[in-house]
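First comes the structure, then the notes that go with it.
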C-alpha cells in the first residue's frame, strides 16, 4: 500500500523505479545486492539470519545502513493520512489519530521535540495539581487502613524514603483459601511432571496434539511463558532422533513414525529461552531444565498415568479449603477430566488432559496471589458486580 502513494505523490517524489535506482547507488560497496525474495538463507553479508523472536523458523536480514538517506526520507511520504489508506484490518492509533501532512512523529531518526515530551499533568506544580492531591489522599487512606488492621507498616519516616511494608505476621481473611489454591496448584504441577516422566509413545503417534506445559517447570518467581523450547537428548553426544520433534515455538510434540524397541526409552532435556536469554531461577542464576521421557509401554486407557493422577487431583480439589467463588469457577474445568456423579476419571487422550490441568494450574496460581473471589456469594455485591472486599479483624 506504500507503492501507490510513492508513485502518485504531488510533491515531485521520484517514481518507484527512480527511487530504487537511487537507493542502489547509495548502497555501501561492501554489501552485495539482496537475493530474490523467498530464496535468502543467509544475510547479505553472509552471516546467519537473525532468528525471529516469536517464530523460530523465520529469519531476518535487516541492514538499515544499506537503505540510504533517500529511502529513509520516504517514510513520511508513504505514511497513510486517511483511514482508507490503511491495509484491511488496520487503523491509526487513537490517540493521536490520523496524522496531518506535516506530522513527522513516525520518524525515529531524530531527537524528540519539547512539545512531545512535555505533559501538563506532570509538569504543573504539585500544590496546584488535583491529580497529585487525589493520588496522595488515596495513598494516605490505604496506609491508615493498613496500620489500623495490622497488615501494613509505614517505614522510612526518618530517612525520608517513605514507603509501606507488608506486616510479616499478618493474617488476611481468605488466607486459608489462598494457601489451599497454592498447594493444589503445586500438586497439579507435580502430577504433570510425573506424567511427562513416562509418556507412552502410543499417546504421541497420530493426530492428537500434545504440547509441553512449559510454565509447569518454573518456580513461582518466574511467572511467564518462554519464547522458545530447546530439546536435546539427555545422553551426552547423542543426536536428536529423526522420529520425534518438539516445536520450539509452542512445545508441540510430533512423532513421525513408531520407533523400534531399541530406540526407547528416550530421555530428552528441555531448556527454555526468554527474550533476555535462558530462563533461570531468580536470584540463583541456575538455568531451568526439564525432563521428558518417552517409553514403549502402553496401558489401557483406565490405567494411563494421567488417568490415575486425575482421581487423586479430584480428591484434593474436593477436600481443600478453597474459597467458594474459586471452587465454583474451577468446578467446570475439573468436570472435564473427572465425573463427579460417577466418581471416576474421564478417559481422554494425553494432549487434552494436559491442556485442561494446565489451565486449572494457572487459574489456581492467580487465585493464590490475591483475594479475587468473595467468601460468601450472598455477601457484598451479590446479585451484581462484586463489592469491595474489606479486611476484617
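Residue numbers (our numbering): 7 to 399.
C-beta: ideal position from N, C-alpha, C; glycine also.
Through-space distance from residue j to residue i, alpha-carbon basis
i	j	result
residue 348	residue 157	45 Å
residue 93	residue 47	29 Å
residue 61	residue 254	8 Å
residue 337	residue 201	22 Å
residue 318	residue 197	9 Å
residue 369	residue 362	11 Å
residue 121	residue 111	12 Å
residue 164	residue 281	40 Å
residue 224	residue 102	40 Å
residue 344	residue 218	22 Å
residue 298	residue 251	12 Å
residue 295	residue 56	25 Å
residue 229	residue 292	16 Å
Continuous beta strand (DSSP E) stretch holding residue i: start and end
i	result
residue 252	250 to 252
residue 261	258 to 261
residue 239	234 to 239
residue 86	Careful: residue 86 lies outside any beta strand (DSSP E) and carries neither H nor E.
residue 70	Where residue 70 is concerned, there is no enclosing beta strand (DSSP E), given that its DSSP letter is neither H nor E.
residue 5	Residue 5 is absent from the structure shown; the chain starts at 7 and stops at 399.
residue 96	Counting along the chain, residue 96 falls outside any beta strand (DSSP E), and DSSP gives it neither H nor E.
Chain D within 7 Å of residue i, Cβ atoms only
i	result
residue 371	In the structure shown, chain D cannot be found, because there is only a single protein chain.
Limits of the unbroken alpha helix (DSSP H) element including residue i
i	result
residue 153	136 to 154
Under the three-state DSSP convention, the category residue i falls into
i	result
residue 207	helix
residue 124	coil
residue 321	helix
residue 337	helix
residue 53	coil
residue 274	strand
residue 296	strand
residue 218	coil
residue 102	coil
residue 286	strand
residue 201	helix
residue 264	coil
residue 223	helix
residue 160	strand
residue 301	strand
residue 171	strand
residue 280	strand
residue 196	helix
residue 465	The question about residue 465 has no answer here: the residues shown for the chain are numbered 7 through 399.
Cutoff 7 Å; reference residue i; Cβ partners in own chain excluding five residues on either side
i	result
residue 160	149, 153 and 170
residue 211	261 and 264
residue 328	183, 186 and 187
residue 365	339
residue 303	206
residue 193	319 and 322
residue 113	81 and 82
residue 203	297 and 299
Chain-order list of residues whose beta-carbon lies under 8 Å from that of residue i (same chain, five-residue window excluded)
i	result
residue 97	89
residue 241	273
Residues of its chain near residue i, where Cβ-Cβ distance is below 6 Å and the 5 sequence neighbours each way are ignored
i	result
residue 355	214
residue 205	300
residue 58	64
residue 139	none
residue 208	304
Cβ-heavy atom distance, residue i to the ligand HEM, below 6 Å
i	result
residue 211	The ligand HEM is not part of this structure, which contains no ligands at all.
Next on the checklist: I'd like the ranges of any alpha helix (DSSP H) spanning at least 4 consecutive residues and lying wholly in the stretch 340 to 372.
Outcome noted: none
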